[in-house]
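In terms of my numbering, the sequence shown opens at residue 136 and continues consecutively.
Cβ coordinates follow ideal geometry from the N, Cα and C atoms, glycine included.
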Amino acid sequence: MQNLNLILAGLESGRITAAELVDQALSHAADPALQGNVSFRRLFPDQARHEASYWDEKRATGQKCPSLAGVPFSVKDNFDVQGRVTCAASPVLKNNPRASRDAPFLAKLRALGAVLIGQTNMTEFAYSGLGLNSHFGTPLSPAGRAQSMVAGGSSSGGAVSVAEGMSLFAVGSDTSGSCRIPAACCGLAGFRPSQSVFPSRGIIPLAPSFDVPGLIAPDVSGLAALFDAVTGHEGVQSKHSLCGKRFLLPTDLLLEETDSEVRNYYDQAISVLTDLGVKTDRRPFLFDQIANELPPSDIVTYEAFQFHKDYLAKQRAEYDPRIAMRMEQAAKISSARYSQLLEKMRGLRRLSDKILADFDGLLLPTLPILPPRLNQLTEEKNYLRMNSLIIRNTAIANHLDLPSVSIPMVEATAAGTPVSLQLIGARNADHGALHLASLISKHL
136 MQNLNLILAG LESGRITAAE LVDQALSHAA DPALQGNVSF RRLFPDQARH
186 EASYWDEKRA TGQKCPSLAG VPFSVKDNFD VQGRVTCAAS PVLKNNPRAS
236 RDAPFLAKLR ALGAVLIGQT NMTEFAYSGL GLNSHFGTPL SPAGRAQSMV
286 AGGSSSGGAV SVAEGMSLFA VGSDTSGSCR IPAACCGLAG FRPSQSVFPS
336 RGIIPLAPSF DVPGLIAPDV SGLAALFDAV TGHEGVQSKH SLCGKRFLLP
386 TDLLLEETDS EVRNYYDQAI SVLTDLGVKT DRRPFLFDQI ANELPPSDIV
436 TYEAFQFHKD YLAKQRAEYD PRIAMRMEQA AKISSARYSQ LLEKMRGLRR
486 LSDKILADFD GLLLPTLPIL PPRLNQLTEE KNYLRMNSLI IRNTAIANHL
536 DLPSVSIPMV EATAAGTPVS LQLIGARNAD HGALHLASLI SKHL
């Protein structure tokens, strides 16, 4: 995997060309030893090469180029791409009209010069954290492919496209962890922003109360560079230092049923940070209250069903049965109950804001478990339990609308046991959270 900041510097200096980067990405996507066939739903090779040549010619003639000019990237199949049918990796939408324009977040990246390689595979309609797709195949984590370790979801193809060198970063959606989970499963960095930061229009919704565009990159410094480019923070020097920073370490359900390997790496990371002068406060956060007062799956299920009810009535047989069955659980949720849940969610978000005013963030494992193997997910009971566990620690950031960064632990990934540390920051303090996470990543 390549460091995005070094790539950007190489493009600027002329040491690297956009054409070289795009050719390399497309070559990896076509390599039968890799997973391009299940990671992408469709590739745009001619368009990508044309755009790469355009940016190379501009640089060669001394013209100023935008900050991401020539950087190849992938986008999840639930984002509108002009002239393409947005299918969310499902046959259900195959006859829908072609998109008349790019989703705004995608349009912003392309305006900054990023070169779109293709649209990536995902869990159908983004409705699982495990990354399985019964229609178009399931990408596996390159960190544990020999063991059939899942890549995580729902942005499975995007994560694998980065991990296997088919793109330098990936755009996904994140409803309960759908960028951070596959990033963690594949030894990458993942980011879920506050809802106010990136526009969510032009994305097939799962649950609008929680949906946001997110990013996956090889490391946290790459995420920070992308965030700064998109938000206009480029050139703003971060004055963060870890010494004296104060983090809440949750002691409630967020650490229950945690695999021993995950817990060991987490404890090691906290020990390293403590030695660097970080202050920690171990106490319960809000997970118990969320679990008791705000069953998150109820909001997701209710909102998902609003989009899908007409499709389900006419095309249920085209859905993955697991996806259809979960969506149909919305029949048990009344509109009055849904309104009550939204009000409780708003109250918990206000309470979270008050608690985090005294901290620089929360630190906890991104995933409480190692990525499951495919043979662990064949039985429905195990599938549902693993899905519930894999989204547990990430979903809290979506419920409370907090920026969240998954920070890979390099040593763990190299050992074939991908483990990540998650930093959750205060609402709308995304720039600070990313740059703190970047500092932390240098010591893990």
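Note that the C-beta distance between S263 and K211 is not below 7 Å. Approximately 14 Å separates the beta-carbon atoms of V355 and P328; this is outside 8 Å, ruling out the contact. Ranked by Cα distance from A195, the first of L569, A153, D215 is A153. The C-alpha of V297 lies about 28 Å from the C-alpha of S344. When DSSP states are grouped into helix, strand and coil, I252 belongs to the strand group.
With respect to the C-alpha of T513, the residue from A530, N268, L535 having the closest C-alpha is N268.
S539: member of the beta strand (DSSP E) spanning 539–543, first to last residue. For the pair A238 and F214, the CB atoms are nearer than the 7 Å cut-off. By the neighbour-count criterion, in which 16 or more other beta carbons inside 10 Å mark a residue as buried, Q198 falls on the exposed side.
Residues V355, V540, I542, L558 of the same chain have their beta carbon placed closer than 6 Å to that of A572, with the five preceding and five following residues left out of the count.
Cβ neighbours of A164 within its own chain (closer than 8 Å, five residues either side excluded): G171, S174, F175, L178, I252, G253, S296, M301. By the Cβ rule, the stretch 264–284 counts as touching the stretch 515–523, because three or more pairs are nearer than 8 Å. Under the DSSP definition of a beta bridge, F304 partners with F208. The beta-carbon separation of S555 and A319, rounded to 4 Å, stays under the 8 Å limit for a contact. The Cβ-Cβ distance between A547 and G312 does not fall below 7 Å. The beta carbon of L509 lies closer than 6 Å to those of S283 in the same chain, with the five residues before and after it left out.
According to the DSSP secondary-structure assignment, F175 is paired through a beta bridge with T255. By the Cβ neighbour-count rule, D191 is buried, with 16 or more other Cβ atoms within 10 Å of its own.
Ranking L537, P419, G357 by CA distance to the CA of D488 puts L537 first.
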